[in-house]
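*Asks:* Counting from 1 along the sequence shown, just add 3 to a position and that's the residue number in my numbering.
Starting off with a structure, shown below.
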Amino acid sequence: VKNSWDSYDPSDPDSNVADAWGNGGTGYFWLSYYDQSICCAESFDFDTDEDTKDVLRNIDMYDFLPDMEPAYLKFDSDVYMANVFEAKNNCSVRFIGLEMPEAGTDVEYKVYLLDPEGNDPVDGILMAEETGHFNYAGYHTIDLGKTLFIPAGMKYSVVVKASCDGVSRLIYSEDINKRGAEYYGKEQFKVYAETVVNPGESFVGIGDKWTDWAKIFGKVHKLNKKLNNDGFCYDN
Numbered sequence: 004v005k006n007s008w009d010s011y012d013p014s015d016p017d018s019n020v021a022d023a024w025g026n027g028g029t030g031y032f033w034l035s036y037y038d039q040s041i042c043c044a045e046s047f048d049f050d051t052d053e054d055t056k057d058v059l060r061n062i063d064m065y066d067f068l069p070d071m072e073p074a075y076l077k078f079d080s081d082v083y084m085a086n087v088f089e090a091k092n093n094c095s096v097r098f099i100g101l102e103m104p105e106a107g108t109d110v111e112y113k114v115y116l117l118d119p120e121g122n123d124p125v126d127g128i129l130m131a132e133e134t135g136h137f138n139y140a141g142y143h144t145i146d147l148g149k150t151l152f153i154p155a156g157m158k159y160s161v162v163v164k165a166s167c168d169g170v171s172r173l174i175y176s177e178d179i180n181k182r183g184a185e186y187y188g189k190e191q192f193k194v195y196a197e198t199v200v201n202p203g204e205s206f207v208g209i210g211d212k213w214t215d216w217a218k219i220f221g222k223v224h225k226l227n228k229k230l231n232n233d234g235f236c237y238d239n
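Given below as structure tokens:
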């Protein structure tokens, strides 16, 4: 890892070896894959390699909340999560992204081309499905192994079931909102989050019943207000 701190350059007369930082004054430092001390990331910078730079052109996503870690609820029965996207132009889906809150997560994922008259994120043509196991938590990009053509104006969905040790997880993002920052103290929370979840974007499925995530988190806000504890916001 390299940050913005100084490093030593013997060819630069203004570079002082005493001020150099990092491994041998290079400005780099080692960080173990197993390190658990980093809990609040400030920024991320992503790049694509030579194999994918020409195909990764459009990214459909809703979740822009930079939370420290995803939250989750455990369910005894199977619970499914889904995002629905609309193709802005003729495009191809080749990769999907999944965020795993725990190590050792098993996933099932499916991609549907949706029926224009359908109501649920599984009302349509199943275009791809697969299972996988992730030894490490974090954000994972999955190559579907084939290209799925989506005509302009059509909607498609990504449906995922995630579980650890056979127990399903409903994964979501939350953070302190303005009310929470004012309640807990502005000195501690100098920034707060504002989220927007529109109807028809995200869904939760239990059994064969699907519920719009916007309705769920809307009910959560109403309940929290009754309890005088509406200090959090939730994202897709």
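Here a beta-carbon is modelled for each residue, glycine too, at the ideal position from N, C-alpha and C.
Remember, it's a predicted structure, so these values are computed and weren't measured experimentally.
1. Taking residue 83 as part of the beta strand (DSSP E), name the residues at either end of that continuous run.
2. Could you check which residue in 197, 95 and 106 has the C-alpha nearest to that of residue 150?
3. In whole angstroms, what separates the C-alpha of residue 243 from that of residue 138?
4. For residue 116, which option in 156, 218, 183 and 35 has the closest C-alpha, if you only look at C-alpha atoms?
5. What residue from 206, 62 and 170 has the CA that sits closest to residue 100's CA?
6. So within the segment 162-224, which uninterrupted alpha helix (DSSP H) runs reach at least 4 residues, ignoring any that extend past its ends?
7. Exposed or buried, residue 3, counting other C-beta atoms within 10 Å across all chains shown (16 or more means buried)?
8. Among residues of its own chain, excluding the 5 on either side of residue 158, which ones have a beta-carbon nearer than 7 Å to its beta-carbon?
9. Identify the residues that DSSP records as bridge partners of residue 113: which are they?
10. On a Cα-Cα basis, can you pick out the residue from 162, 225 and 128 that is closest to residue 134?
11. DSSP on residue 30, reduced to helix/strand/coil?
12. Can you name, in chain order, every residue of its own chain whose Cβ lies under 6 Å from the Cβ of residue 177, other than the five neighbours on each side?
13. By alpha-carbon positions, which one of 231, 37, 64 and 14 ends up nearest to residue 144?
14. Could you give the C-beta distance for residue 196 and residue 68, rounded to a whole number, given that I count them as a contact under 8 Å?
15. At the level of alpha carbons, what is the spacing between residue 119 and residue 34?
16. Buried or exposed for residue 173, going by 16 or more other Cβ atoms inside 10 Å?
17. May I ask which residues mark the beginning and end of the beta strand (DSSP E) holding residue 74?
*Replies:* So, to answer that:
1. For the purposes of this step, residue 83 is taken as the residue at position 80 of the sequence shown. That run of the beta strand (DSSP E) goes 82-89.
2. Locating residue 150 in the sequence shown gives position 147, where the first residue counts as 1. The candidate whose alpha carbon is nearest that of residue 150 is 95.
3. Since the displayed the chain opens at 4 and closes at 239, residue 243 lies outside it and no answer follows.
4. Residue mapping note: residue 116 aligns to position 113 of the sequence shown, counting from 1. When only C-alpha atoms are compared, the closest one is 156.
5. As a working note, residue 100 is residue 97 in the sequence shown. Relative to the Cα of residue 100, the nearest Cα in the group 206, 62 and 170 belongs to 62.
6. If we require 4 residues or more, the alpha helix (DSSP H) runs fully inside the segment 162-224 come out as 181-187.
7. An answer regarding residue 3 cannot be provided, because it is not within the stretch 4 to 239 covered by the chain.
8. Taking the sequence shown and counting its residues from 1, one reaches residue 158 at position 155. 87, 88, 89 and 117.
9. The residue labelled residue 113 in the question sits at position 110 within the sequence shown. BP columns for residue 113 point to 132 and 162.
10. Position 131 of the sequence shown, counting from 1, holds the residue named residue 134. For residue 134, the nearest C-alpha among the options comes from 162.
11. Along the sequence shown, one-based indexing puts residue 30 at 27. Coil, per DSSP.
12. Taking the first residue of the sequence shown as 1, we reach residue 177 at position 174. Same-chain partners within the cutoff: 74, 235 and 237.
13. Residue numbering aside, residue 144 sits at position 141 when the sequence shown is read from its first letter. Answer by Cα proximity: 64.
14. Sequence index remark: in the sequence shown, residue 196 carries index 193 (1-based). Sequence index remark: in the sequence shown, residue 68 carries index 65 (1-based). Confirmed, about 6 Å.
15. For the purposes of this step, residue 119 is taken as the residue at position 116 of the sequence shown. For the purposes of this step, residue 34 is taken as the residue at position 31 of the sequence shown. Spanning the two alpha carbons is a distance of roughly 49 Å.
16. Residue mapping note: residue 173 aligns to position 170 of the sequence shown, counting from 1. Buried.
17. One-based indexing of the sequence shown puts residue 74 at position 71. Residues 74-78.
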